[in-house]
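These notes are about the structure you will find just below.
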Amino acid sequence: MTRRRGSGSSERKSQRSIVYLKFRRNRPAVAGCVMLGATLVCAILADYVAPYDPLKADLGNNLAPPSSTHILGTDEMGRDLLSRIIHGARISLQLGLISVGTALVIGILIGAPAGYYGGLADHMLMGIVNIMMAFPTFLLAIMIVAILGPSLSNCMVAVGIALIPLYARLSRAMFLYLRELDFVQAARMIGASDVRIVFRHILPNSLAPLIVQSTLNIATAILSAASLGFLGLGAEPPIPEWGAMVSRGRLYLVTAPHISLYPGLAIMITALSLNMIGDGLRDALDPRMT
Amino acid sequence: MTIPTVFGASLIVFLLIRVIPGDPAVLLAGEDAEPLVVESLRKEWGLAEPLTTQYLVFVRNILQGNLGVSLSSNYPVSHEISLRLPSTMLLTLLAMMIATVAGLSIGIFSSTRPYSLADNFTTTLSLVGVSAPVFWTALALMYLFAVKLGWLPAIGSGSLRHLVLPSLTLAAFATPEIARQTRSSMLEVLRQEYIRTARSKGLREIAVVYRHAVRNALIPVITVIGFILGRMLGGSIVTETVFSYPGMGKLLVDAIFMRDYPVIQGTILVYSLLFVFVNVLVDAMYAYVDPRIQYK
Amino acid sequence: MELTTRSKSSLRYGLLVAVMILIAAGAYFLAIPRPSPPSPTTTTLTTKPPPPRVLTIAMGTQPVNLDTARCGGMINLGIMRLVSETPLDIHYATGELIPSLVERWEEVPDATKWTLYLKKGVKFHDGTPFNATAIKVTFERLIDPKTKALTQGLWQMIKSIDVIDPHTAVINTEPNAAFLKKLNYAPCGIVSPTEIQKYGDNYGLGPHLPAGTGAYRYAEYVKGSHIKLVANDQYWGGRPQIDIIYVKPVAEAAARMMALEAGEVDFVFNAPPPDIPRVKKNPDLYLLEGTPTRVMWITLNTQWGPLRNKMVRQALNYAVNKTAINERIFKGTAVIADCALPRHAFGHTKVGPYPYDPAKAKQLLRDAGYPQGFEVTLRYGIGRYLMDAELVEAIQSYLSAVGLKVRIEALEWGTFQAKTNIPLEQNDCQMTFLGAGVVQLDFDQTMTDFTKAFWYPKGGHPSFYDNPRFDELHRLGGRTTDIDKRKAYYKEAHEIFWEDAPCIFLYFEPQLYAARRRAKEVYVRHDETIWLKQAWIEAKSGQSLLTVFWNLQPILVKTEDEAQ
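Chains as they are written, first to last, in my numbering: chain A, 5 to 294; chain B, 497 to 792; chain C, 607 to 1170.
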């Protein structure tokens, strides 16, 4: 946790550039950024980047291996695999961002008061969180999908809810820690309101671990959502969700392995890039490493 | 701490069924069950009572070993689970052992040659292992060893051979994490004063590493192992499905598709109990290994 | 990671809690009462018994229960009829009726009275003797609405069953020329009257394992894992040459094929067409191809929304490219349906197929008042039919091309049946992917499903088709044994049926099965049931030490009892 003396902006700026430089030197992290950038481009500009319509079936040309017309081949319905993977990027990133985003917000809303106020609030709020942590994350997600029924949006909800305990614990720990710091005590003594303290002092200083954690959690969220899709608990056909695509390709594993291989590779590359960035950020923000 | 968590988990499982739209008695009895059956189930689980009484009845039933009756097989849920729980545990434990041994070795090895080529290589490989989705690793292993090479069976259970691919799959994502944590905590420890002291005493490097460093580096690694066991329980669900391995994970997934709510309820409960138990074990091991234990 | 210091007492506490939980968990699971405790094996100590000859079968679905009257799916029934035999059989090669539990029979010209002479000296697996009473109990149970037999409508023409003497039964029916062929149909597997009395409504629903007269009896039934059948030493047809049959449900065709290739499984139902070339090239495997008999279609609920309109239904038929489906999904092994019956069935008339004409489809939709198409749900049960997921997606894409918005609903087979086989008021089926086997190879059977008298719960179809002339033709055709008259009735019926299009007509499902060469004389009959009466296993010569080790069974993973 970086200790900062006060919140002088010049201090912060040089701190930021130190972090930035450290990050830049970390080669895997930079590679990760490039890969993630490519994925983002696919996600945002899918309609322009993809050579074909991902939903247009052409049975006459199904199970085609990679060729000059279809760079990654076609799937069992004759749809261009590359286009489906590109559009799948949008779905996966949406899943990741939305679920992590909601988990972040709700997690902080639970963990922050628990850490800051302590006492009864702490016990009650964290009680719920502890119970949720009695289930492995993926199991929690499956439970929720089992209740709500399989669909893309339910996947988002399920993965989001499953991630809440992580954020709650993290934010609680940070608030607990930062609360005791001198400058916060000082602010309290001069009568600053809690809200002001939270927003001006605590939150900005807790950004670092939250960002690192979130980057890593987006990777987890994408993997979990893909697993749900693989099990058939996610999007219905013909939505090009990566996990479901891998699952469908199983029938053709021997004759046309590209159908399972490439979407799986896409999942891996996305998760990998996020993990590399997350690691890079963690190392960059760690004051102990030079 | 554990007891309230266990009760809390059972509470969530309890609420699970009641949250689904529809009459819980019909959900638990099956949609085309006779009205008599539905009524007797209603009495058995106290579904007409207020929620608190229901919960007490629920807990009482569980403690008596009654987890309900599977809608699809008509066998008691506890029986179905008891048939498959050993398989899942065997798989998970085996995978954990492989991962621990491999992870620790790789981690220790990397830490003794930090930033070398080997180290960087294993670090990158570790990242890949963590990022690959479990089902994809499973399929890749299945394709390579079962289909192309034919060395190992693709699906099912019944002999030691059937355990190899599923446990390797699970170990594949656990090993890198353990290796990473081992490496970083070893690096941490190796920088410490007392290591330098040991070295300056003239002890051989190996003795230094193993006698002093590893012991102390293990502590955070054990915590990671705790986390990983949890994720492994989750990953085993997918792995069992891919390999058609008849464990609890497959039972759960089948039950979800069949809307077999008693089984869903039962398996989730057992999973969470397993998870809690594992965490307790890890905590205990942790306390045991920590050399800072004060003797009162 | 914060390191906390703990005192020795809290360490002790932690360990104590862990140990207590361990003991509690162990005691808990040991105390759970098991419904079927393993019976002690009696082995003679003098001679070592030879290893059992085992046949392992993998199929896409699994029986939801063990009652042939209340379990659906021909593949499931095919396994169950190994235990629960039907009065008659059909020959696996010629398809002709052959005696089974019924030695010989007599019919009368007006097709209303069927005298069955039963085999003597046959016993059920539970010891009850097989006699005419068992026949009576079985059929009365099928007709009884309280039983809720899935095929109840099929047996409605039975008026009464008379027991003349212990080995002679007479079934009185309304005039029905094709009645005898029904006696081969698995749902009328003869049940033990003792068990019906003992279990009543619960018969076949578990946990007891029903008794039958067949060559095999149930030893185990673990949902989701396997069914274990064990040879019946006292079988009236002579003890079968296979000792144990394992039936494993493996929903994915790819996994089934992998298991077959790896040698874990000896026989696979519904081998997927993409894998056929591989099977042919593999010296250890062989392919079994049956004549495509089962017509596959997307049944349209004629009482729901836009599907009420005949023009809409016809439009949907024009919208689908069946040739492409046959070639690309089935690699040409299917036969495109030109009517509701295969060529070798009685009543076949060439009335179709609807050509592929998306422009005409769009035109018809416009004329019907749906220029923008409409939303509809297409439902199917996983694992039962070949290439189901691909087929359904192909249909979705063809229908989308003409403007419909199709949502696919994939359900597990048992759940799917539960949602399909219910009366109109509770039924929410819109489009349903189904097949209709023509076990009796007679249009009478197919028509029965579509007549209004046999809407659910009597049997029937999620199409809820209602055409009085069609119903009348069904009555007329079933009543007479005059072949020419029947042909004429059925021709007219077919024309009406095709034009009304209560389904999107597709193809006849290829019957593809793959087996390992060591499984000999395994046949598949015209009604898609497996015929194992002559089957035997070519034994392996010996086992090397390595194979023995490799096949070690860890105690924990054992889910099967010893062979008895």
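Virtual Cβ for every residue (Gly too), placed ideally from N, Cα, C.
Option in the options with minimal Cα separation from residue i
{"i": "L170/A", "options": "T224/A, H127/A, V250/A, L269/A", "result": "T224/A"}
{"i": "A642/B", "options": "L866/C, F952/C, A967/C", "result": "L866/C"}
{"i": "S210/A", "options": "L185/A, A191/A, F179/A", "result": "F179/A"}
{"i": "N790/C", "options": "H1132/C, Q1140/C, K1139/C", "result": "H1132/C"}
{"i": "S1069/C", "options": "R1075/C, C1035/C, R1085/C, P880/C", "result": "C1035/C"}
{"i": "L666/B", "options": "R514/B, V553/B, I604/B, F739/B", "result": "F739/B"}
{"i": "M763/C", "options": "A775/C, D771/C, L748/C", "result": "L748/C"}
{"i": "I271/A", "options": "T619/B, I733/B, L523/B, V626/B", "result": "V626/B"}
{"i": "L600/B", "options": "D519/B, I577/B, T678/B", "result": "T678/B"}
{"i": "V871/C", "options": "P879/C, V856/C, R884/C", "result": "V856/C"}
{"i": "L278/A", "options": "A780/B, L777/B, V624/B", "result": "V624/B"}
{"i": "V1044/C", "options": "K787/C, G727/C, E780/C, L703/C", "result": "K787/C"}
For residue i, three-class secondary structure by DSSP
{"i": "H832/C", "result": "strand"}
{"i": "L683/B", "result": "helix"}
{"i": "T648/C", "result": "Any reading at T648/C must be qualified, since the residue scores a pLDDT of 39, below 50, and its modelled position is unreliable; no value is offered."}
{"i": "Y639/B", "result": "helix"}
{"i": "N221/A", "result": "helix"}
{"i": "F980/C", "result": "coil"}
{"i": "V161/A", "result": "helix"}
{"i": "Q1117/C", "result": "strand"}
{"i": "A825/C", "result": "strand"}
{"i": "W1061/C", "result": "coil"}
{"i": "Y791/C", "result": "coil"}
{"i": "K1126/C", "result": "strand"}
{"i": "N907/C", "result": "coil"}
Within chain B, partners of residue i - CB distance below 9 Å
{"i": "V53/A", "result": "Within chain B, no residue comes near V53/A; the closest Cβ sits about 23 Å away, beyond 9 Å."}
{"i": "R83/A", "result": "Near R83/A there are no residues of chain B at all, since even the closest Cβ is about 20 Å away, more than 9 Å."}
Beta-carbon proximity check, residue i vs residue j, cutoff 8 Å
{"i": "L729/B", "j": "L143/A", "result": "yes"}
{"i": "Y1004/C", "j": "Y960/C", "result": "no"}
{"i": "R659/C", "j": "I1143/C", "result": "yes"}
{"i": "R609/B", "j": "L747/B", "result": "no"}
{"i": "I685/C", "j": "I741/C", "result": "no"}
{"i": "P758/B", "j": "L586/B", "result": "no"}
{"i": "I777/C", "j": "I767/C", "result": "yes"}
{"i": "L1082/C", "j": "N876/C", "result": "no"}
{"i": "E1240/C", "j": "K729/C", "result": "A query on residue 1240/C cannot be resolved here, the shown segment of chain C reaching from 607 to 1170 and no further."}
{"i": "I764/B", "j": "I724/B", "result": "no"}
{"i": "G573/B", "j": "G762/B", "result": "The sequence as given places Val at residue 573/B; Gly does not occur at that position. Cβ atoms of V573/B and G762/B: closer than 8 Å."}
{"i": "W761/C", "j": "F736/C", "result": "no"}
Closer than 8 Å at the beta carbon, the chain C residues around residue i
{"i": "S566/B", "result": "K829"}
{"i": "R676/B", "result": "Ordered by position in chain C, no residue passes the 8 Å Cβ test against R676/B, which lies about 14 Å from the chain."}
{"i": "Y256/A", "result": "A860, P880"}
Neighbouring residues, chain A, relative to residue i (Cβ below 7 Å)
{"i": "Q909/C", "result": "Under the 7 Å cutoff, chain A gives no residues; its nearest Cβ is about 25 Å from Q909/C."}
{"i": "A628/B", "result": "M272"}
Chain-ordered chain B contacts of residue i [CB-CB under 7 Å]
{"i": "I89/A", "result": "Those within 7 Å of I89/A in chain B number zero; the least Cβ separation is about 14 Å."}
Under 9 Å from the C-beta of residue i: neighbouring residues of chain A
{"i": "A877/C", "result": "Ordered by position in chain A, no residue passes the 9 Å Cβ test against A877/C, which lies about 11 Å from the chain."}
Distance between beta carbons of residue j and residue i, contact taken as under 8 Å
{"i": "I760/B", "j": "I135/A", "result": "Wrong, their Cβ atoms sit about 18 Å apart, outside the cutoff."}
{"i": "M81/A", "j": "E999/C", "result": "6 Å"}
{"i": "Q550/B", "j": "G542/B", "result": "5 Å"}
{"i": "F1049/C", "j": "F952/C", "result": "6 Å"}
{"i": "F873/C", "j": "A699/C", "result": "With 8 Å as the limit, F873/C and A699/C do not qualify as a contact, their Cβ atoms being about 18 Å apart."}
{"i": "A275/A", "j": "L227/A", "result": "6 Å"}
Within chain B, the residues that residue i reaches when beta carbons sit closer than 8 Å
{"i": "T1021/C", "result": "F753, M754, R755"}
{"i": "E933/C", "result": "Per Cβ cutoff of 8 Å: no residues; E933/C is ~26 Å from chain B at best."}
Contact set between residue i and chain C, taken where Cβ atoms lie within less than 9 Å
{"i": "T259/A", "result": "P880, D881, P883, R884"}
Where residue i meets chain C, residues with beta-carbon distance less than 7 Å
{"i": "L511/B", "result": "None at all; the shortest Cβ gap to chain C is about 23 Å."}
Closer than 7 Å: residue i CB and nearest the ligand MN heavy atom
{"i": "T897/C", "result": "Annotation note on the ligand MN: not contained in the displayed structure, which lists no ligands."}
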